[in-house]
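In this note's numbering, the protein residues as written are 44 to 290.
The C-beta atom is built at its ideal place from N, Cα and C for all residues, glycine as well.
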Amino acid sequence: MIKPAPLHPQTASKTIGRIFNTPVVVVGKTWLPVTQFIVGGFLAWQSSRKHPQRPMREHLMIGAGSMAVMLGSEWGHNLAHAAAARLVEKPMDALRITLGMPLCVYHEIDDLSVTPREHIIRALGGPVFNGLLLGLMRLLRPLTSPNSIARKIADAGVGMNLFLSTVSLAPIPGIDGGPILKWGLVAAGRTPAEADAAVVQVNKVTGLGMGIAAGAAFKKKRRFLGGMLTLFAATSIAIGFGWLREQ
Numbered sequence: 044m045i046k047p048a049p050l051h052p053q054t055a056s057k058t059i060g061r062i063f064n065t066p067v068v069v070v071g072k073t074w075l076p077v078t079q080f081i082v083g084g085f086l087a088w089q090s091s092r093k094h095p096q097r098p099m100r101e102h103l104m105i106g107a108g109s110m111a112v113m114l115g116s117e118w119g120h121n122l123a124h125a126a127a128a129r130l131v132e133k134p135m136d137a138l139r140i141t142l143g144m145p146l147c148v149y150h151e152i153d154d155l156s157v158t159p160r161e162h163i164i165r166a167l168g169g170p171v172f173n174g175l176l177l178g179l180m181r182l183l184r185p186l187t188s189p190n191s192i193a194r195k196i197a198d199a200g201v202g203m204n205l206f207l208s209t210v211s212l213a214p215i216p217g218i219d220g221g222p223i224l225k226w227g228l229v230a231a232g233r234t235p236a237e238a239d240a241a242v243v244q245v246n247k248v249t250g251l252g253m254g255i256a257a258g259a260a261f262k263k264k265r266r267f268l269g270g271m272l273t274l275f276a277a278t279s280i281a282i283g284f285g286w287l288r289e290q
């Protein structure tokens, strides 16, 4: 979800297709599914640590299945942004595939040809998609047997979509909540520069709150969630104190 200058307008890239009127591009071999192998392997290893009595093939199935629903949810999140952009007839400049995962590309983040309402709709596409998918997965989860492979995969899907539909709304520039807050302030009468300054101040409090949430996650031994929240907390604090700026 964090997308710091993922593609400069002058970067040599190859268009491999279009979706929702948005070009899908790659740069060199960045399309290789590195993320999928790393996440799948990590989840299989994590399963083997928690349930050493299971045979290895089950750990591999849990790792592969959980990876598919988790990263598939992130793919759907970004494609939903592209769909929302198409809906308001202001498509993204590109959808870049890097390390096997999609990144939404906007060359001009303060594009004044896009109204504040259109900016907000484009940013809401991903969280709305994950909120709907979360509801569906919560309905399907009880249909799986406790402690089964299917239940482990369903749990991963529920957790990932809960994360994407909530944490992505944090008011951090570069993820969905930042643009939503910024353009909401512009719609209320502030200039883009004034709105940016307000978002920076909000991130001081956001970073503190996420840091506390990360500590709680680690205390409950939810290391993956704790690590993600730590990353967001660090990003938010860096933005709040001016150490990191959106490009």
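Item: If you measure between the beta carbons of P235 and V229, is that distance less than 8 Å?; Value: yes
Item: May I have a chain-ordered list of the alpha helix (DSSP H) segments no shorter than 4 residues that lie completely inside the stretch 94-177?; Value: 99-130
Item: So who's on the other strand from T65, going by DSSP bridges?; Value: I62
Item: Since G169 and D219 are thought to touch, with beta carbons under 8 Å apart, how far apart are those beta carbons, to the nearest angstrom?; Value: 6 Å
Item: Helix, strand or coil for K262, going by three-state DSSP, please let me know.; Value: helix
Item: On a Cα-Cα basis, can you pick out the residue from V171, A193 and L142 that is closest to A127?; Value: V171
Item: Going by beta carbon distance, what residues of the same chain come within less than 6 Å of M44, once the five residues before and after it are set aside?; Value: Caution is warranted here: a pLDDT of 49 is assigned to M44, below 50, making its placement in the model unreliable, and the coordinate value is therefore given only provisionally. Same-chain partners within the cutoff: S211 and I218.
Item: To the nearest angstrom, report how far apart L142 and V131 are at their CA atoms.; Value: 29 Å
Item: Is it true that the CB of R165 sits closer than 8 Å to the CB of H124?; Value: yes
Item: Look at H199 and M113 and say whether their C-beta atoms are less than 8 Å apart.; Value: For clarity, residue 199 is Ala in the given sequence; the question names His instead. Yes; because the gap between Cβ atoms is below 8 Å, this pair is in contact.
Item: Measure the C-alpha to C-alpha separation of L146 and N204 and round it to an integer number of angstroms.; Value: 18 Å
Item: Taking M110 and V82 to be in contact with their CB atoms under 8 Å, please state how far apart those CB atoms are, rounded to whole angstroms.; Value: 5 Å
Item: When we look at the beta-carbon of P159 and count the other beta-carbons within 10 Å, is it buried (16 or more) or exposed?; Value: buried
Item: Tell me the residue span of the alpha helix (DSSP H) that contains P222.; Value: G220 to A230
Item: Kindly indicate which three-state DSSP category K247 falls into: helix, strand or coil?; Value: helix
Item: Does the beta-carbon of T249 have 16 or more other beta-carbons within 10 angstroms, so that it is buried, or is it exposed?; Value: buried
Item: What distance in whole Å lies between the Cβ atoms of V68 and I62, which are believed to be in contact at a cut-off of 8 Å?; Value: Not confirmed; about 11 Å, so no contact.
Item: Quick one: give me the first and last residue of the alpha helix (DSSP H) that S208 is part of.; Value: I192 to T209
Item: Just to confirm before moving on: does the CB-CB distance between T65 and A137 stay below 8 Å?; Value: yes
Item: For L287, collect the residues of the same chain with a Cβ closer than 6 Å to its Cβ; drop the 5 residues on either side in sequence, then sort them by chain order.; Value: A281
Item: Measure the Cβ-Cβ separation of A276 and L268 and say whether it is below 8 Å.; Value: no
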